[in-house]
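Engineer: Residue numbers (our numbering): 62 to 523.
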Ligand SMILES: Cc1cc2nc3c(=O)[nH]c(=O)nc-3n(C[C@H](O)[C@H](O)[C@H](O)COP(=O)(O)OP(=O)(O)OC[C@H]3O[C@@H](n4cnc5c(N)ncnc54)[C@H](O)[C@@H]3O)c2cc1C
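1. Hey, could you find the ends of the alpha helix (DSSP H) residue 160 is sitting in?
2. Are residue 142 and residue 353 closer than 8 Å when you measure CB to CB?
3. My understanding is that residue 233 touches residue 221, with C-beta atoms under 8 Å, so please give their C-beta distance in whole angstroms.
4. Measuring alpha carbon to alpha carbon, tell me which residue in 211, 71 and 94 is nearest residue 434.
5. Relative to ligand 1, is the shortest distance from any of its heavy atoms to the C-beta of residue 321 smaller than 7 Å?
6. Identify every residue that forms a DSSP beta bridge with residue 211.
7. From residue 462 to residue 90, what distance separates their C-alpha atoms?
8. Identify every run of the alpha helix (DSSP H) within the region 307 to 377, keeping only runs that are complete inside it and at least 4 residues long; order them along the chain.
9. Could you pull out every residue in the same chain whose Cβ sits closer than 7 Å to the Cβ of residue 283, ignoring the five residues on either side in sequence?
10. Who pairs with residue 287 in a beta bridge, going by DSSP?
11. For a test of the three-state rule: what should DSSP assign to residue 388, helix, strand or coil?
12. Should residue 98 be listed as close to ligand 1, given that the test is whether its C-beta is under 7 Å from any heavy atom?
13. Using a Cβ distance threshold of 8 Å, determine whether the region 258 to 268 contacts the region 142 to 160, with at least three qualifying pairs required.
14. Where residue 278 and residue 300 are concerned, what is the direct C-alpha to C-alpha distance, given to the nearest angstrom?
15. Does the separation of the CB atoms of residue 163 and residue 450 fall below 8 Å?
16. I'd like to confirm something about residue 122: is its beta-carbon nearer than 7 Å to some heavy atom of ligand 1, or not?
17. Using the Cβ count rule (16 or more neighbours within 10 Å means buried), how would you classify residue 342?
18. Terminal residues of the continuous beta strand (DSSP E) containing residue 190?
19. Would you check if the distance between the CB atom of residue 138 and the CB atom of residue 344 is smaller than 8 Å?
20. Under 8 Å Cβ to Cβ from residue 465, same chain only, skipping five residues before and after it: list those, please.
21. Which residues in the same chain have their Cβ closer than 8 Å to the Cβ of residue 480, if we skip the five residues on either side of it in sequence?
22. Unbroken beta strand (DSSP E) runs of length 3 or more, entirely within the region 223 to 256: which are they?
23. Based on DSSP bridge pairs, tell me the residues matched to residue 131.
24. Less than 8 Å separating the beta-carbons of residue 446 and residue 457?
25. In angstroms with no decimal places, state the Cα-to-Cα distance between residue 393 and residue 422.
26. How would you call residue 340, buried or exposed, if buried means at least 16 neighbouring beta carbons within 10 angstroms?
27. Once DSSP output is grouped into helix, strand and coil, what is the label at residue 518?
28. Buried or exposed, going by whether 16 or more other CB atoms sit within 10 Å of the CB of residue 500?
29. Whole angstroms is fine: what's the gap from residue 253's alpha carbon to residue 133's?
30. DSSP puts residue 486 in a beta bridge; with which residues?
31. What residue range does the alpha helix (DSSP H) around residue 103 cover?
32. Starting from residue 459, trace the alpha helix (DSSP H) both ways and give me its first and last residue.
33. DSSP three-state label for residue 435, please.
34. Does the Cβ of residue 257 lie closer than 7 Å to at least one heavy atom of ligand 1?
35. Given that a residue counts as buried once 16 or more other Cβ atoms are within 10 Å of its Cβ, and exposed if not, what is residue 194?
36. Alpha carbon to alpha carbon, how far is residue 200 from residue 275? Give it in angstroms, no decimals.
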């Protein structure tokens, strides 16, 4: 039987963690961080390293790694959330090139810190593969390859159908693209290891403590995080709640909580792997509009994820990772279509998580010294690497340092908010219905992107 939920498959072997003690009452610290996912923990890590005298508290509603950081697809990739072109318009080509190089280097930073801190997160830097599975996808791949010529920083290589098949045999593959700056990871092992690492630096993590309000400095008082168990007063309060941010009243329409769901097979036998290949353990994604992302796990399973039911009315977020049976069925169908050799493998676990989508689909790192408040997020499903750079950037901003990181184009942006309900729900439902229809349309063999997807892109503001 397929396990559904229970946070995610990534906890199935080691078990859900024993909770750390909750906040015991009011407290004064130097920096309070709300949320113990990668963003909150990387921020705590670099702040504690930069100034070991800082008193830092991380306040977490459930447990460290409960959110997307303990549930994701394990792609430690160099993606600039929302793409590069928008930033070229606002900040110029040279800075975006620097941003891309910084994200490339951040992949290695995470790998190096994990090694230095003794975190065994099953990291394998095998690069990232994109695969085109029909002619319309191939036409998008060609356009991407042309665009990549302008971005040598990405080191992308266009692959023929044959070259793609020599790496991974995806049924019906017509071509691919390889980007070397990506590693496969075990998400929960990284976030749990990181939580232990920050504790060893003296940071206090309080679990099972819900922050109900974040207050800015004013009227002679500093900023604070208000919880049901006491108030944490600090010189700086950093919000690191990503897909859950809509639950905080004052931030309800900042980021839309989008669901992403995954399934994982039982370990495949050597006969199946002989026919699939995938010796390089690259991460893999197709070029459908409602795309899927995959990894070959350390213990030889295939984990595959995609959008499923994208959004719940009123920005409702989590059900401890349970996902809809229809989504499990849809992902299983795509898995079998891509890898007929995996068709006999049992689906052992299914789960989902939430990620934060800003109105312009681009991530942000902000800190305002006047209010003492900061935040980072809006990574739209590409936060595994970006959270590390966000944590280092927040550290520099809180400590008042002007660095290369604080000059990056995602720092201190203002983004307009999402529409109120029911417009928000209707727009997202409509958008994904259109993407699914466009994918069906393209399966018919047309040679270019379906116009339905072009309209959906316009509506969504992507
Ligand atoms: C299924 C799935 C697959 C994904 N795959 C990839 C991938 O392969 N590669 C990639 O780059 N990105 C991926 N992502 C996105 C990536 O996981 C996230 O961008 C990243 O983990 C965000 O980290 P975070 O710390 O900002 O947020 P989270 O990990 O969500 O952490 C937020 C934390 O805040 C806590 N919290 C929320 N509200 C409160 C409150 N009021 N008080 C106290 N605590 C609170 C939550 O419990 C949670 O622990 C995926 C996401 C999902 C859901």
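Ideal placement from N, C-alpha and C gives every residue a C-beta, glycine not left out.
Structural biologist: Reading from the atomic positions:
1. As a first step, residue 160 is located in the chain shown; it is residue number 99 there, counting from the start. Segment 154 to 177, the alpha helix (DSSP H) holding residue 160.
2. Taking the chain shown and counting its residues from 1, one reaches residue 142 at position 81. Taking the chain shown and counting its residues from 1, one reaches residue 353 at position 292. Contact flag unset, no.
3. In the chain shown, the residue the question calls residue 233 occupies position 172. In the chain shown, the residue the question calls residue 221 occupies position 160. That belief does not hold up - the Cβ atoms of residue 233 and residue 221 are roughly 14 Å apart, past 8 Å.
4. As a working mapping, residue 434 is identified with position 373 in the chain shown. It is 94.
5. Within the chain shown, the letter at position 260 stands for residue 321. Yes - ligand 1 has a heavy atom lying nearer than 7 Å to the Cβ of residue 321.
6. For the purposes of this step, residue 211 is taken as residue 150 along the chain shown, with counting starting at 1. None, per the DSSP bridge assignment.
7. The residue you call residue 462 lines up with position 401 of the chain shown. The residue you call residue 90 lines up with position 29 of the chain shown. Rounded to whole angstroms, residue 462 to residue 90 spans 20 Å at the Cα level.
8. 331 to 337
9. Reading the chain shown from its first residue, position 222 is the one you call residue 283. 294, 295, 296 and 433.
10. Counting from one through the chain shown, the residue named residue 287 turns up at place 226. 274 and 292, per the DSSP bridge assignment.
11. Residue 388 sits at position 327 when you count from the first residue of the chain shown. Residue 388 falls in the helix class under three-state DSSP.
12. Numbered from its first residue, the chain shown carries residue 98 at position 37. Checking the Cβ of residue 98 against ligand 1 gives yes.
13. no
14. Sequence index remark: in the chain shown, residue 278 carries index 217 (1-based). Sequence index remark: in the chain shown, residue 300 carries index 239 (1-based). About 14 Å.
15. Here residue 163 refers to the residue found at position 102 of the chain shown. Here residue 450 refers to the residue found at position 389 of the chain shown. Against a cut-off of 8 Å, the Cβ pair of residue 450 and residue 163 comes out as a contact.
16. Taking the chain shown and counting its residues from 1, one reaches residue 122 at position 61. Correct: residue 122 has its Cβ closer than 7 Å to ligand 1.
17. Taking the chain shown and counting its residues from 1, one reaches residue 342 at position 281. By the neighbour-count rule (16 or more Cβ atoms within 10 Å), residue 342 is buried.
18. Here residue 190 refers to the residue found at position 129 when the chain shown is read from its first residue. Looking at the DSSP string, the run of the beta strand (DSSP E) that includes residue 190 is 189 to 193.
19. By 1-based counting over the chain shown, the position of residue 138 is 77. By 1-based counting over the chain shown, the position of residue 344 is 283. Yes, the pair counts as a contact, with Cβ atoms nearer than the cut-off.
20. Here residue 465 refers to the residue found at position 404 of the chain shown. 159 and 163.
21. Residue 480 sits at position 419 when you count from the first residue of the chain shown. Closer than 8 Å at the Cβ level, and outside the excluded window around residue 480, lie 314 and 488.
22. 236 to 240 and 243 to 245
23. For the purposes of this step, residue 131 is taken as residue 70 along the chain shown, with counting starting at 1. Its beta-bridge partners do not exist; DSSP assigns none.
24. Reading the chain shown from its first residue, position 385 is the one you call residue 446. Reading the chain shown from its first residue, position 396 is the one you call residue 457. Against a cut-off of 8 Å, the Cβ pair of residue 457 and residue 446 comes out as no contact.
25. The residue labelled residue 393 in the question sits at position 332 within the chain shown. The residue labelled residue 422 in the question sits at position 361 within the chain shown. About 28 Å.
26. Locating residue 340 in the chain shown gives position 279, where the first residue counts as 1. Under this definition residue 340 is an exposed residue.
27. Your numbering for residue 518 matches position 457 in the chain shown. Residue state, collapsed to three classes: helix.
28. For this step, residue 500 is matched to residue 439 along the chain shown. Per the 10 Å Cβ criterion, buried.
29. By 1-based counting over the chain shown, the position of residue 253 is 192. By 1-based counting over the chain shown, the position of residue 133 is 72. Rounded to whole angstroms, residue 253 to residue 133 spans 14 Å at the Cα level.
30. Along the chain shown, one-based indexing puts residue 486 at 425. Bridge partners of residue 486: none, in fact.
31. Along the chain shown, read from residue 1 onward, the residue named residue 103 stands at position 42. That run of the alpha helix (DSSP H) goes 99 to 111.
32. Position 398 of the chain shown holds residue 459. 444 to 459 is the extent of the alpha helix (DSSP H) around residue 459.
33. Indexing the chain shown from 1 puts residue 435 at position 374. Reduced to three states, the DSSP call for residue 435 is strand.
34. The residue labelled residue 257 in the question sits at position 196 within the chain shown. Checking every heavy atom of ligand 1 against the Cβ of residue 257, none is found closer than 7 Å.
35. As a position in the chain shown, residue 194 is number 133, starting the count at 1. Counting Cβ neighbours within 10 Å, residue 194 comes out buried, since at least 16 surround it.
36. Working through the chain shown from its first residue, we reach residue 275 at position 214. Working through the chain shown from its first residue, we reach residue 200 at position 139. Near 47 Å, if we compare the C-alpha coordinates of residue 200 and residue 275.
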